[in-house]
Each structure stands twice: as structure tokens, then as C-alpha cells.
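S.K.: One structure, pasted below without further comment.
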Amino acid sequence: MKIFIDTADLDEIREIASWGIVDGVTTNPTLVKKSGRSFNEIIEEIFEIVDGPISLEVISEKADDMVKEAKGLVSKVNQKYRKNVAIKVPMTPEGLKATKKLKKEGIKINVTLVFSANQALLAAKAGATFVSPFIGRLDDIGQEGMQIVEEIAEIFTNYDIETEVIVASIRHPIHVIEAARLGADIATIPPGIIRKMAKHSLTDIGIKSFLKDWEKVKK
Ligand code: E4P
82 MKIFIDTADL DEIREIASWG IVDGVTTNPT LVKKSGRSFN EIIEEIFEIV
132 DGPISLEVIS EKADDMVKEA KGLVSKVNQK YRKNVAIKVP MTPEGLKATK
182 KLKKEGIKIN VTLVFSANQA LLAAKAGATF VSPFIGRLDD IGQEGMQIVE
232 EIAEIFTNYD IETEVIVASI RHPIHVIEAA RLGADIATIP PGIIRKMAKH
282 SLTDIGIKSF LKDWEKVKK
């Protein structure tokens with residue numbers, strides 16, 4: 082399973098990418114706001130740090146405006162990194178129209194805010210490169226989010242659909258394990274959760290006791 086980092090925080094992207102585990106980045110307007118920097122300030126650097134799909138979200142509501150905005154976003158990215166741009170469009174009928182048009186232009190599309198297998202199927206049919214089911218937000222309203230990942234995976238396998246599934250809105254490390262067990266192509270994970278995945282108290286205890294014993298035998 083590929084791991085995307087779900088943040089616009091450059092320090093976190095730089096640090097965790099240095100671990101050699103980051104295959105791409107997803108951003109959204111809320112994540113950019115949280116980073117405390119403006120979109121234009123961070124965009125160039127993200128592409129320099131990570132060589133993989135970087136999702137940038139449009140905020141227009143009409144298909145033609147989404148397409149125009151998407152092209153504007155692509156043009157902001159240095160020519161040599163443009164192959165890595167993935168435009169996030171919302172899962173609406175207008176978003177589907179935009180997906181069809183952007184696909185024709187050879188631009189990668191990540192259809193976002195997907196909350197059902199039917200939405201994922203329509204997005205794939207319209208030409209999405211990626212679909213992003215939002216698991217945590219479904220859990221938040223008392224619906225088992227991971228169930229739609231299972232359904233999407235089954236449907237995409239049945240019809241050899243090439244659209245990749247990005248499990249998004251991940252809230253804790255167990256979501257990552259569940260996504261991987263279901264065979265999701267990608268999990269996009271906030272940096273805090275990636276750090277939790279790397280940690281185990283027995284690892285820390287083991288290091289401490291090895292260091293202590295080494296002090297006794299090193300001479
Ligand atoms: C990623 O593409 C999504 O925008 C992100 O995972 C949403 O996460 P949230 O539901 O925690 O805002």
C-alpha cells in the first residue's frame with residue numbers, strides 16, 4: 082500500500098519524507114490554513130520534497146470554473162513537477178463533468194469527499210485517477226467508514242477499474258491497518274498518525290535495556 086502524507090505542513094512533510102516512506106501528498110484548504118502559510122508560499126516546496134502525486138484542491142462549484150481553476154493550479158507548478166499534480170474535485174455532478182474534461186487534458190484527478198461506493202463508481206466512470214473515501218467523517222456520524230472501502234475494493238476488482246482508492250480522513254493507526262488489509266491502493270495519513278505507527282513502547286524499552294547492558298560490557 083502506498084502512503085501519502087495528509088498535510089500542508091512543510092516541516093512535517095520534509096521530516097517524514099526523509100524516512101523514505103512517503104509516496105505522495107494530499108492537501109485541502111483546511112490543511113493549508115492549519116499550516117499557517119499561504120498556498121502560494123508552500124506549493125513549490127512540496128513538489129521539491131516529494132516525487133509522487135500531490136493533490137491540490139479546487140474550490141469552484143461549477144465544472145467550467147473547476148477546469149479553469151485546475152489549469153491555473155497546474156500552471157503554478159514548475160514544469161518539471163507537473164506530472165505529479167493531481168487536482169482534487171468534489172464528488173458532485175459538476176465535479177464529475179470537470180473530471181471528464183480534465184482527464185481529456187491529461188490531468189490527474191482525485192475525486193474527493195466520497196462517502197459511498199456509488200459515488201466512487203461514478204467518479205471512476207467519469208475518469209478519476211483516484212477516489213478518496215472519507216472514513217473518519219463517516220465514523221464520526223456513526224456509520225462504519227471502512228465498510229465503503231471494502232465495497233469499493235470489491236467493485237473495482239469486479240470490473241478491473243484502474244482508479245486507485247485513497248483511504249482518507251484517517252483518524253488513528255487502526256484505520257491504516259484496516260485499509261491495508263482491505264487492499265486499498267493508498268492511505269493518506271496525517272503526520273501525527275504516521276509517527277504513532279512508527280512507535281511501540283517495547284521498542285523504546287528494548288533500546289534502553291540494550292544501551293544499559295552495553296555500558297557494562299563495552300570495555
Ligand atoms: C484528504 O485528502 C482529505 O482531505 C483529508 O483526509 C480529510 O480529513 P479530515 O476528515 O480529518 O478533515
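In my numbering, the protein residues as written are 82 to 300.
The beta carbon of each residue, even a glycine, is placed where N, CA and C say it ideally should be.
(1) Kindly indicate the opening and closing residues of the beta strand (DSSP E) around Pro171.
(2) Within the same chain, show all residues whose beta-carbon is closer than 7 Å to that of Ile130, passing over the 5 residues directly before and after it, in chain order.
(3) What's the call for Ile286, buried or exposed, on a 16-neighbour Cβ count within 10 Å?
(4) Would you say the beta carbon of Ser116 is closer than 7 Å to some non-hydrogen atom of the ligand E4P?
(5) Check for me: the alpha helix (DSSP H) holding Asp145 runs from which residue to which?
(6) What's the C-alpha gap between Val148 and Lys289?
(7) Does the beta carbon of Phe215 fall short of 7 Å from some heavy atom of the ligand E4P?
(8) What I want to know is whether the C-beta of Ser136 ends up closer than 7 Å to one or more non-hydrogen atoms of the ligand E4P.
(9) At 4 residues or longer, what runs of the alpha helix (DSSP H) sit wholly inside the region 94-150?
(10) Which same chain residues, not among the five before or five after Pro134, have their C-beta less than 7 Å away from its C-beta?
(11) Quick check for students: name the residue ranges of the beta strand (DSSP E) that lie wholly in the region 206-241, counting only runs of 3 or more.
(12) Ends of the beta strand (DSSP E) at Phe291?
(13) If the criterion is Cβ atoms closer than 8 Å, does the pair Ile247 and Phe211 meet it?
(14) Verify whether the separation of the beta carbon atoms of Val170 and Val139 is less than 8 Å.
(15) Taking only the alpha-carbon atoms, compute the straight-line gap between Ser119 and Asn109 and give it to the nearest angstrom.
(16) Please report the straight-line C-alpha distance between Gly292 and Lys300, rounded to a whole angstrom.
(17) Should Pro174 go down as buried or exposed, given a rule of 16 or more other Cβ atoms within 10 Å for buried?
M.R.: Once the coordinates are examined:
(1) Position 90 of the sequence shown holds residue 171. Per DSSP, Pro171 belongs to the beta strand (DSSP E) from 166-171.
(2) Here residue 130 corresponds to residue number 49 of the sequence shown, with the count starting at 1. The residues are Ile94, Arg95, Ala98.
(3) Position 205 of the sequence shown, counted from the start, is the residue given in the question as residue 286. Its Cβ having fewer than 16 others within 10 Å, Ile286 is exposed.
(4) Counting from 1 along the sequence shown, the entry for residue 116 is found at position 35. No, the Cβ of Ser116 stays beyond 7 Å of every heavy atom of the ligand E4P.
(5) Along the sequence shown, one-based indexing puts residue 145 at 64. Counting along the chain, the alpha helix (DSSP H) containing Asp145 begins and ends at 144-157.
(6) Translated into the one-based positions of the sequence shown, residue 148 becomes position 67. Translated into the one-based positions of the sequence shown, residue 289 becomes position 208. Going from the Cα of Val148 to the Cα of Lys289 covers about 55 Å.
(7) As a working mapping, residue 215 is identified with position 134 in the sequence shown. Correct: Phe215 has its Cβ closer than 7 Å to the ligand E4P.
(8) In the sequence shown, counting from the first residue as 1, residue 136 sits at position 55. Ser136: yes, Cβ under 7 Å from the ligand E4P.
(9) 110-116, 120-130
(10) Numbered from 1 along the sequence shown, position 53 holds the residue referred to as residue 134. Result list for Pro134: Gly105, Asn165, Ala167, Lys189, in chain order.
(11) 211-214
(12) The sequence position of residue 291 within the sequence shown is 210, counting from 1. Unbroken run through Phe291 is the alpha helix (DSSP H), 282-298; no beta strand (DSSP E).
(13) For this step, residue 247 is matched to residue 166 along the sequence shown. For this step, residue 211 is matched to residue 130 along the sequence shown. Taking 8 Å as the Cβ cut-off, Ile247 and Phe211 qualify as a contacting pair.
(14) Within the sequence shown, numbered from 1, the residue matching residue 170 stands at position 89. Within the sequence shown, numbered from 1, the residue matching residue 139 stands at position 58. It is a contact, given that the beta carbons lie within the stated cut-off.
(15) Sequence index remark: in the sequence shown, residue 119 carries index 38 (1-based). Sequence index remark: in the sequence shown, residue 109 carries index 28 (1-based). Using only the alpha carbons, I get a separation of about 12 Å.
(16) Position 211 of the sequence shown, counting from 1, holds the residue named residue 292. Position 219 of the sequence shown, counting from 1, holds the residue named residue 300. Position check: residue 292 holds Leu in this sequence, whereas Gly was assumed. Cα to Cα, Leu292 sits roughly 14 Å from Lys300.
(17) Taking the first residue of the sequence shown as 1, we reach residue 174 at position 93. Classification of Pro174: exposed, given that the 10 Å Cβ count is below 16.
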